[in-house]
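Each remark here refers to the structure printed beneath this line.
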Amino acid sequence: MADVMPPNMLNERPRTPAGLLSNREKDRLIERGFLGLYRWYTARSQETRNWNPDRSFDWRSLNKNLPPEVITVLEGFFAVEQYAPDFTSNLVHLVRRSHGRSHFQLRWGSEEEKHADAWENAVLFSGQRSPQWVEEYKDRLKSQTWELPFPDAIHNLVYTVFQERATQLNYLNMMKIAQGRSEKPHLKGVSDPVLAKVAQTIAVDEAAHYNFFLEGVRMYLYYYPEQTLSAIKNVISQFSMPAAQLVPNWEHFFETVYRAGIYGPRDFQRDVMQVAFRNLGIESRKALEEGIRKTREVPDFDGGNFKTTAIWDTFDYGAVEGDVRRLHVKIQDYEKEIGFDAIDPTEFIENPEVPREGPSAADD
Numbered sequence: 008m009a010d011v012m013p014p015n016m017l018n019e020r021p022r023t024p025a026g027l028l029s030n031r032e033k034d035r036l037i038e039r040g041f042l043g044l045y046r047w048y049t050a051r052s053q054e055t056r057n058w059n060p061d062r063s064f065d066w067r068s069l070n071k072n073l074p075p076e077v078i079t080v081l082e083g084f085f086a087v088e089q090y091a092p093d094f095t096s097n098l099v100h101l102v103r104r105s106h107g108r109s110h111f112q113l114r115w116g117s118e119e120e121k122h123a124d125a126w127e128n129a130v131l132f133s134g135q136r137s138p139q140w141v142e143e144y145k146d147r148l149k150s151q152t153w154e155l156p157f158p159d160a161i162h163n164l165v166y167t168v169f170q171e172r173a174t175q176l177n178y179l180n181m182m183k184i185a186q187g188r189s190e191k192p193h194l195k196g197v198s199d200p201v202l203a204k205v206a207q208t209i210a211v212d213e214a215a216h217y218n219f220f221l222e223g224v225r226m227y228l229y230y231y232p233e234q235t236l237s238a239i240k241n242v243i244s245q246f247s248m249p250a251a252q253l254v255p256n257w258e259h260f261f262e263t264v265y266r267a268g269i270y271g272p273r274d275f276q277r278d279v280m281q282v283a284f285r286n287l288g289i290e291s292r293k294a295l296e297e298g299i300r301k302t303r304e305v306p307d308f309d310g311g312n313f314k315t316t317a318i319w320d321t322f323d324y325g326a327v328e329g330d331v332r333r334l335h336v337k338i339q340d341y342e343k344e345i346g347f348d349a350i351d352p353t354e355f356i357e358n359p360e361v362p363r364e365g366p367s368a369a370d371d
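Residue numbering for the sequence shown follows the numbering used here, beginning at 8 and increasing consecutively.
Given below as C-alpha cells:
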C-alpha cells in the first residue's frame with residue numbers, strides 16, 4: 008500500500024475475511040465507500056444545487072459602485088476558479104483507476120466551472136472592468152498551469168479538505184460584506200443582494216465539496232490511521248491556497264483579502280484547521296504531532312502491537328468509526344432506493360486492528 012494510492016478496479020480486490028483485513032481488502036472497502044458516496048452525492052447535487060451561473064442571478068442589478076477593494080477580491084476569486092480545467096484534469100489522472108473518486112472529480116469539475124463563470128460575470132457586470140480587460144486577463148491566467156501540490160493521492164485528498172473549507176470561508180465572508188455586515192470601517196455600507204446571493208450559492212457548493220473529501224479522509228483514517236495522520240501533519244505544515252501561485256499581483260490581493268476580514272493566517276488556524284481537526288476527531292495540531300512522534304519512537308517488535316497502540320491515542324478513533332458507520336448507512340439507504348442493495352450492496356466492515364476494551368464507541 009505504497010503512499011496509500013487510490014484503489015484499483017474492484018475486480019482486482021479479492022475479498023478476504025474481516026479478521027484478516029489485508030491492504031487489498033482495505034483498499035476495496037475504501038473504493039466501495041467512495042463509489043457509494045459519489046452516487047449519493049451526484050443525486051443530491053442534481054436535486055438541490057442545480058443552479059446556472061447566467062440565469063440564477065439578476066446580473067443587471069449588480070451594484071455598479073462597489074469599492075475597489077471588493078473588485079480586487081472578485082478578480083482574485085475569478086482568477087483562481089479559472090484553473091478549474093487544471094484542477095480537474097490533474098486530479099482525475101491521479102485517481103483515474105478509482106470509479107468513485109475519478110467520476111466525482113468530473114462532477115466536482117463541472118461545479119467548479121460554474122464558479123468560474125459566476126465570478127467572471129460578477130467582475131464583468133460590476134462595470135469596473137471592460138470585456139476586453141476580462142479577455143486579456145483570462146489569456147494571462149491561461150499562460151500558466153496549476154500543478155498538484157503533492158505527488159500521491161492521500162496527501163492531495165487531505166489537502167482538498169483544508170482547501171475546500173478555506174475557500175468556503177472566503178466566500179462566506181464575501182457574502183457577509185455584500186450583506187452590509189462587515190465590521191471593517193472601509194467596507195461598512197457596502198450592500199449588494201446579487202453579490203451576496205452569488206457568494207452564498209458558491210459557498211454552499213464548497214461546503215458540499217468539503218464534506219465529500221472529509222468523508223474520504225475519514226475512511227482512510229479508519230483503515231490506515233498512521234499513514235493518514237502523517238499525511239495530515241505534512242499537509243498542514245506546508246499548506247497554502249492555490250491563489251498564492253496563480254493570482255497575478257498576489258501580494259496586493261492577499262493584503263486586500265486580509266484587510267477586508269475575509270481570510271488570513273488566524274482564520275486558517277481557527278476556522279479551517281481546527282474545524283477540520285474537530286471533524287476528524289483530532290484534538291489539536293500539537294496533539295497530532297506529539298502522537299505521531301510517540302508512534303515513531305515506539306519500536307514495532309515482532310509479535311507486538313506497540314505502534315498501533317500509540318497511534319490510537321492520537322485522535323478519537325471511536326468518533327471516526329461512528330462517522331464511517333453513518334456514511335455507510337447513508338449509502339445503504341440510497342442503494343435501497345435504487346435497488347443496488349439486492350444486487351451489489353455496500354457493506355461496512357470493522358477494522359479488526361482497533362484495540363477494543365468494551366463496546367465500540369460507535370455503538371453508543
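We treat Cβ as the ideally placed atom computed from N, Cα and C, and that holds for glycine.
This structure is a prediction, so every number in the text was calculated from the model and none was measured.
{"Asked": "CB of Gly116 within 9 Å of CB of Leu42, strictly", "Found": "no"}
{"Asked": "Three-state secondary structure (DSSP) of Phe284", "Found": "helix"}
{"Asked": "Rounded separation between Arg303 and Asp330 - CA only", "Found": "27 Å"}
{"Asked": "Euclidean distance between Cα positions of Ala173 and Pro158", "Found": "21 Å"}
{"Asked": "Option in Asn218, Arg225, Ser96 with minimal Cα separation from Ile37", "Found": "Arg225"}
{"Asked": "Closer than 9 Å to chain D by CB, Ala215", "Found": "Here there is only one protein chain, and chain D is not present."}
{"Asked": "For Ala206, the nearest candidate out of Leu179, Arg273, Thr55, Val336 (CA to CA)", "Found": "Leu179"}
{"Asked": "Closest residue to Val77 among Ile289, Arg56, Leu194 (Cα-Cα distance)", "Found": "Leu194"}
{"Asked": "Backbone secondary structure at Ile356 - three-state DSSP", "Found": "coil"}
{"Asked": "Close-in-space but distant-in-sequence residues of the same chain around Phe85 (CB under 6 Å, 5 per side omitted)", "Found": "Trp126, Glu127, Val130"}
{"Asked": "Test item: CB-CB of Arg56 and Phe132 under 9 Å", "Found": "no"}
{"Asked": "Neighbourhood of Val242 by C-beta, 7 Å cutoff - its chain only, sequence neighbours within 5 removed", "Found": "His162, Val165, Tyr166, Phe169"}
{"Asked": "Buried or exposed by the 16-neighbour rule on C-beta atoms within 10 Å, applied to Trp140", "Found": "exposed"}
{"Asked": "Nearest to Asp351 (by Cα), restricted to the options Glu360, Glu258, Tyr341, Asn358", "Found": "Tyr341"}
{"Asked": "Contact between the segment 202 to 221 and the segment 180 to 187 (3+ Cβ pairs under 8 Å)", "Found": "yes"}
{"Asked": "CB of Ala250 within 9 Å of CB of Gly40, strictly", "Found": "no"}
{"Asked": "Same chain only: Cβ atoms within 7 Å of Asp323, ignoring 5 sequence neighbours per side", "Found": "Gly288"}
{"Asked": "Ile243, DSSP secondary structure in three states", "Found": "helix"}
{"Asked": "Separation of Asp65 from Val87, as counted between CA atoms", "Found": "23 Å"}
{"Asked": "Span separating the alpha-carbon of Asp278 from that of Lys337", "Found": "27 Å"}
{"Asked": "Start-to-end residues for the alpha helix (DSSP H) that takes in Ile4", "Found": "Here the chain has residues from 8 to 371 only, and residue 4 is not among them."}
{"Asked": "One or two residues paired with Phe322 in a DSSP bridge", "Found": "Ile289"}
{"Asked": "Inter-residue spacing [alpha-carbon to alpha-carbon] between Glu297 and Ala283", "Found": "18 Å"}
{"Asked": "Rounded separation between Lys149 and Gln252 - CA only", "Found": "13 Å"}
{"Asked": "Cutoff 7 Å; reference Met248; Cβ partners in own chain excluding five residues on either side", "Found": "Gln170, Ala173"}
{"Asked": "From Ser237, Ser244, Phe219, residue whose alpha carbon lies closest to that of Leu334", "Found": "Phe219"}
{"Asked": "Cβ shell of Val99 (< 6 Å), same chain only, five flanking positions each side left out", "Found": "Ser109, Gln112"}
{"Asked": "Local Cβ density within 10 Å of Ala349, reported as buried at 16 or more and exposed below that", "Found": "exposed"}
{"Asked": "Cβ neighbours of Ser237 in the same chain (closer than 7 Å, five flanking residues each side left out)", "Found": "Ile299"}
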